[in-house]
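Notes to accompany the following structure.
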Amino acid sequence: MNSEGAFNTRRLVITAVLIAVSIVLSIPLNLGPLRALGFISFGAISITILVVPTIIGAILEGWVVGLIVGGAFGLFSMFLATQQPAGSPDALFADPFISVLPRLFIGPVAWLVYQGMRSASENVRLIGASVAGTLTNTLLVIGAISLRLGVPFFATLASVSINVILELIVGAVIVVAVVNAVRGTASGKGKSSV
Amino acid sequence: MALELSRNIVIGQYIPGDTLVHRLDPRTKILCTCFLLAGMTFTRSLAVSLVYLAVVAALVLLARIPLDFVLRPFIRGLPYIAFFLVLSIFWQSWVQPDGVVIFEWGWIRITGDAVLLALLSLSRLMSLLMLISLPTLTTKITQLTYGVELLLKPFARLGVPAHEIALIATIALRFVPILVEELERIMRAQASRGGEIGALSWRRPVEIAAAITPLVVPLFVNAFRRAEDMAVAMEARCYMGGGGRTRFLQLHARPVDYAATLLMFALVIGIWFYTEPVLQQIVSAIQAVI
Numbered sequence: 014m015n016s017e018g019a020f021n022t023r024r025l026v027i028t029a030v031l032i033a034v035s036i037v038l039s040i041p042l043n044l045g046p047l048r049a050l051g052f053i054s055f056g057a058i059s060i061t062i063l064v065v066p067t068i069i070g071a072i073l074e075g076w077v078v079g080l081i082v083g084g085a086f087g088l089f090s091m092f093l094a095t096q097q098p099a100g101s102p103d104a105l106f107a108d109p110f111i112s113v114l115p116r117l118f119i120g121p122v123a124w125l126v127y128q129g130m131r132s133a134s135e136n137v138r139l140i141g142a143s144v145a146g147t148l149t150n151t152l153l154v155i156g157a158i159s160l161r162l163g164v165p166f167f168a169t170l171a172s173v174s175i176n177v178i179l180e181l182i183v184g185a186v187i188v189v190a191v192v193n194a195v196r197g198t199a200s201g202k203g204k205s206s207v
Numbered sequence: 176m177a178l179e180l181s182r183n184i185v186i187g188q189y190i191p192g193d194t195l196v197h198r199l200d201p202r203t204k205i206l207c208t209c210f211l212l213a214g215m216t217f218t219r220s221l222a223v224s225l226v227y228l229a230v231v232a233a234l235v236l237l238a239r240i241p242l243d244f245v246l247r248p249f250i251r252g253l254p255y256i257a258f259f260l261v262l263s264i265f266w267q268s269w270v271q272p273d274g275v276v277i278f279e280w281g282w283i284r285i286t287g288d289a290v291l292l293a294l295l296s297l298s299r300l301m302s303l304l305m306l307i308s309l310p311t312l313t314t315k316i317t318q319l320t321y322g323v324e325l326l327l328k329p330f331a332r333l334g335v336p337a338h339e340i341a342l343i344a345t346i347a348l349r350f351v352p353i354l355v356e357e358l359e360r361i362m363r364a365q366a367s368r369g370g371e372i373g374a375l376s377w378r379r380p381v382e383i384a385a386a387i388t389p390l391v392v393p394l395f396v397n398a399f400r401r402a403e404d405m406a407v408a409m410e411a412r413c414y415m416g417g418g419g420r421t422r423f424l425q426l427h428a429r430p431v432d433y434a435a436t437l438l439m440f441a442l443v444i445g446i447w448f449y450t451e452p453v454l455q456q457i458v459s460a461i462q463a464v465i
């Protein structure tokens, strides 16, 4: 396969498909607690796994893909904020400083952590990258909100601390499962199918 | 269990129309949006922010889109936004206790500056909501993508993959309905094996996590498999990147497009010039040298 430049055909299509996955994950479902596949609300607490495609892109295809998928995820959440009247603080995400800018860093940070943990076992590296990516998203988005609206950073962070812990766990489980499954099918070892 | 997801997909919310805003070139709309975005993002003055709010509201009305339609997310999210703003007023009054004190009772204190800051955030949020929805309401998404590609093209020499970004956006949007169909199939497949997703309760978070994994993992795996297939198909048809490709859709900028772009640019720069003393100092310094 041709591999000139940062974008060979394969990498280009994978980036596009990961963006499509993050869009699909944010489509409203209205299945009780599943507001969307990537957006689960437990009563007052809601968690999101929308960062997962970005992290997976960064792990499998490098930080450029992570950057682009993260940027697209941010842009889509910005547009969604203008049309998703779900009765949530979503409207805040119409501000690109809150919705787009922080999301650009998810992929590169996850990639750096994944590359930096070379000596660890594969699954530990995946968990590390997933935790780093999810935390990047949370801390930077909360930071942007507290900067833009002038609210205390740590109080806002504390109000979402339970969500963050749930997000870290669910995110890590999915990242490990998906990366192993994708590598398994790519190498043709176990052709898992639905 | 509602399994017809396809009915729920709303990407872009184009409202057909034949107004001046609708007829503008997508590139004009993107540029004007960026100018206004920069202007309303970097201002620290409530008056300027209100001017931008009025400008954006005028543009929405010019496009014949009802104001309450574009402000609906704001109205529904009002309790949350109000909570943040009240928190911001108390916090800012506490952090910066100087200035005019409007209200003081015990250790609770509200300063005029804090209220002004909250009003600035409120006005900025409203104008951002209207501004961001305007291009997607008045332009088809394919045209917006092409507009972005053409605007990025001059930067291709600096290494910005303009054509690739546009192609990624096109493929991503084309893949969404395919993946939604895929997701419907996965949900039916898991439901037929007894996996319940319709009857979940938030009281059992572990069950929800356990129910999502068998949906999300096959979705990713299938997406990757389709991507590999598509890459092979593209290479088999000798896809070589953007060089020399022609387009079915062509964009033509008219004089009104240049006028609108210049007008918005002048407006933002003008407001910036009059409100930021730094710029005036620079200009007077240059004049002094000359």
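Just so you know, the sequences run in chain order B and Y. Mapping the first sequence onto my numbering, position 183 (from 1) lands on 196, and the numbers just tick up by one. Mapping the second sequence onto my numbering, position 44 (from 1) lands on 219, and the numbers just tick up by one. The beta carbon of each residue, even a glycine, is placed where N, CA and C say it ideally should be.
CB-CB under 6 Å to residue 155 of chain B, same chain, minus the five flanking residues each way: which ones, in chain order? 169 and 170, listed in sequence order.
What residue range does the beta strand (DSSP E) around residue 323 of chain Y cover? Per DSSP, residue 323 of chain Y lies in no beta strand (DSSP E) segment; the continuous alpha helix (DSSP H) that holds it begins and ends at 316-327.
Looking only at C-alpha atoms, which of Y:348, Y:386, Y:222 and Y:355 sits nearest to residue 366 of chain Y? The option with the nearest alpha carbon to residue 366 of chain Y is Y:386.
For the beta strand (DSSP E) that contains residue 284 of chain Y, what are its first and last residues? Its beta strand (DSSP E) spans residues 283-286.
DSSP state of residue 465 of chain Y mapped onto helix, strand, coil: Of the three classes helix, strand and coil, the one that applies to residue 465 of chain Y here is coil, per DSSP.
Alpha-carbon to alpha-carbon, residue 66 of chain B and residue 76 of chain B: Annotation: residue 76 of chain B to residue 66 of chain B spans about 13 Å, alpha carbon to alpha carbon.
Name the DSSP bridge partner or partners of residue 280 of chain Y? Residue 280 of chain Y pairs with Y:283.
What is the residue span of the alpha helix (DSSP H) that residue 243 of chain Y lies within? From DSSP, the alpha helix (DSSP H) with residue 243 of chain Y extends over 242-245.
So, is residue 274 of chain Y buried or exposed, given that buried needs 16 or more other C-beta atoms within 10 angstroms? Counting Cβ neighbours within 10 Å, residue 274 of chain Y comes out exposed, since fewer than 16 surround it.
Check whether residue 142 of chain B and residue 72 of chain B have beta carbons under 8 Å apart: The Cβ atoms of residue 142 of chain B and residue 72 of chain B sit closer than 8 Å to each other.
Cβ-Cβ distance between residue 398 of chain Y and residue 33 of chain B below 8 Å: It is a contact, given that the beta carbons lie within the stated cut-off.
Let me see if you follow: with CB-CB separation under 8 Å, is residue 36 of chain B close to chain Y or not? True, the Cβ-Cβ gap to chain Y drops below 8 Å.
Residue 414 of chain Y versus chain B: which residues are under 8 Å apart at the beta carbon? For residue 414 of chain Y, the chain B residues whose C-beta falls within less than 8 Å of its own C-beta are 22, listed in chain order.
Determine the extent of the alpha helix (DSSP H) in which residue 332 of chain Y is found, giving its start and end residues. Residue 332 of chain Y -> no alpha helix (DSSP H), and no H or E assigned at all.
So with CB distances below 7 Å, who are the chain B contacts of residue 402 of chain Y? Residues of chain B whose Cβ lies closer than 7 Å to the Cβ of residue 402 of chain Y are, in chain order, 26, 27 and 30.
Chain-ordered neighbours of residue 195 of chain B on chain Y, where CB pairs are closer than 8 Å: Think of a sphere of 8 Å around the beta carbon of residue 195 of chain B: the chain Y residues whose beta carbon falls inside it are 395, 396 and 399, in chain order.
Is DSSP giving residue 49 of chain B helix, strand or coil here? Note: residue 49 of chain B maps to strand in three-state DSSP.
Of all Cβ atoms in chain Y, is any one closer than 8 Å to the Cβ of residue 63 of chain B? No, residue 63 of chain B does not count as interfacial toward chain Y.
Exposed or buried, which one is residue 435 of chain Y when buried takes at least 16 other CB atoms within 10 Å? With 16 or more other Cβ atoms within 10 Å, it is buried.
Please compile the residues from chain Y whose C-beta is within a distance smaller than 8 Å of the C-beta of residue 165 of chain B. Simply 262 and 266.
Exposed or buried, residue 433 of chain Y, counting other C-beta atoms within 10 Å across all chains shown (16 or more means buried)? Residue 433 of chain Y should be labelled exposed.
To the nearest angstrom, how far is it from the Cα of residue 315 of chain Y to the Cα of residue 191 of chain Y? Between residue 315 of chain Y and residue 191 of chain Y, the C-alpha separation is close to 9 Å.
Leaving out the 5 sequence neighbours to the left and right, which residues in its chain are closer than 6 Å to residue 224 of chain Y when beta-carbon positions are compared? Cβ contact annotation for residue 224 of chain Y (same chain, cutoff 6 Å, sequence separation greater than five): 218, 295, 298 and 299, in chain order.
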